[in-house]
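For the sequence shown, this note's numbering gives the first residue as 20, with consecutive numbering after it.
A virtual CB, placed ideally from N, CA and C, is assigned to each residue, including glycine.
Since the structure is predicted, the reported quantities are computational estimates derived from the model, not experimental observations.
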Amino acid sequence: MPEEAKASYGRPETIEPGALRNALCALTFFGDDPFISMQAFNLGAVDQFIMELEYDVLKEFIESERTPVASASFLSAQSQMWIFMCYEVLRSWRQRCDDIIKWSESGGLETKIKSLTRDEGYLHLAKQMRAQQLQRVLEDNSQTDLAKADLKRVHVLFTQLEHLRMSLAKHEVRRKSGSVALGPSYGRINYICGSLDYELEIGRFSLGTLNRRDVADGIRAVPGSDLPTDEDLAAFDGFMRGPPKDFDPFS
């Protein structure tokens, strides 16, 4: 997220409580599934709680002129659990999009629908709803183009979130098996919104910082956002891979 955007965090009371849920449910293949929509509701509800907590911790930090260890530790725990859930919800949605696009382009939609609607001797509500979703795609293939566009809109935010999640949950650097993250779980209180800033790092190189509020605000900003070009996304992916091993910043 650009640094100028990070300097304009809105107060919790100025943010529509349902904005995060509505933004997620506006994504193709997200809002028409009631089960994943429930998870969007949960993310939005907990986001409201944590925003208040972030500002309370920031106020305590400023007034005491030292890190409020007890409240900051609770904030850290809540923030990490929210980040983990947010990652899993977006990962599941992205996988859903990838699968539907693949089946649509390979002609496998009808086969998958038949598999989901096969009589198992009981009503499997989730499979029935999934089949209905695929049937709508079969009847209107333009939905796959909408899904591809939404995947592009979320790509930058999800990649940053994935990088942070790897550090917090696995203590590794994203896509570097066996690596050791520089400072996993360590976050500093943001002086503007109170959210914990985590560094996105690759060894000795920093890719910037990301906090929970950046992720939430990023999701809220997705509907109607400009569609990034393939060149933009390729450049971003190159940046997230970090500099080459032989790069010397002091040469």
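Residue i classed as buried or exposed, judged by whether at least 16 other C-beta atoms fall within 10 angstroms
{"i": "I271", "result": "Past the edges of the chain, shown from 20 to 270, lies residue 271, and the structure says nothing about it."}
{"i": "M70", "result": "buried"}
{"i": "R40", "result": "buried"}
{"i": "G202", "result": "exposed"}
{"i": "R223", "result": "exposed"}
{"i": "E73", "result": "buried"}
{"i": "L187", "result": "buried"}
{"i": "Y141", "result": "exposed"}
{"i": "F93", "result": "exposed"}
Residue i: first and last residue of the uninterrupted beta strand (DSSP E) it sits in
{"i": "S225", "result": "F224 to N230"}
Reduced DSSP secondary structure (H/G/I, E/B, other) of residue i
{"i": "G18", "result": "As displayed, the chain neither begins before 20 nor continues past 270, which places residue 18 out of reach and without an answer."}
{"i": "D216", "result": "strand"}
{"i": "Y211", "result": "A small correction: the amino acid at residue 211 is Ile; Tyr does not occupy that position in the sequence shown. I211 falls in the coil class under three-state DSSP."}
{"i": "I69", "result": "helix"}
{"i": "I221", "result": "strand"}
{"i": "K189", "result": "helix"}
{"i": "S83", "result": "helix"}
{"i": "Y28", "result": "coil"}
{"i": "P53", "result": "helix"}
{"i": "E181", "result": "helix"}
{"i": "F271", "result": "Look at the range of the chain in this structure, 20 to 270, and you will see that residue 271 is not part of it."}
{"i": "K78", "result": "helix"}
{"i": "T33", "result": "helix"}
{"i": "P262", "result": "coil"}
{"i": "V199", "result": "coil"}
{"i": "D233", "result": "helix"}
Spatial distance of residue i from residue j (CA atoms)
{"i": "I286", "j": "K167", "result": "With the chain covering 20 to 270 only, the question about residue 286 has no answer from this structure."}
{"i": "Q58", "j": "L109", "result": "10 Å"}
{"i": "M148", "j": "D52", "result": "7 Å"}
{"i": "R115", "j": "A254", "result": "25 Å"}
{"i": "Q152", "j": "W122", "result": "13 Å"}
{"i": "I238", "j": "Y28", "result": "14 Å"}
{"i": "D50", "j": "S56", "result": "Note that residue 50 is Gly in the sequence shown, not Asp. Rounded to the nearest angstrom, the two C-alpha atoms are 6 Å apart."}
{"i": "R231", "j": "Y210", "result": "14 Å"}
{"i": "D236", "j": "Q154", "result": "33 Å"}
{"i": "H182", "j": "K171", "result": "17 Å"}
{"i": "T248", "j": "D164", "result": "15 Å"}
{"i": "V175", "j": "A42", "result": "16 Å"}
{"i": "A89", "j": "E218", "result": "22 Å"}
First through last residue of the alpha helix (DSSP H) which encompasses residue i
{"i": "D249", "result": "D249 to M259"}
{"i": "L39", "result": "A38 to C44"}
Cβ of residue i within 7 Å of any chain B Cβ
{"i": "G257", "result": "Protein chains in the displayed structure number just one, and chain B is not present."}
Uninterrupted alpha helix (DSSP H) stretches inside the stretch 109-174 (no shorter than 4 residues): 128-135 and 144-158
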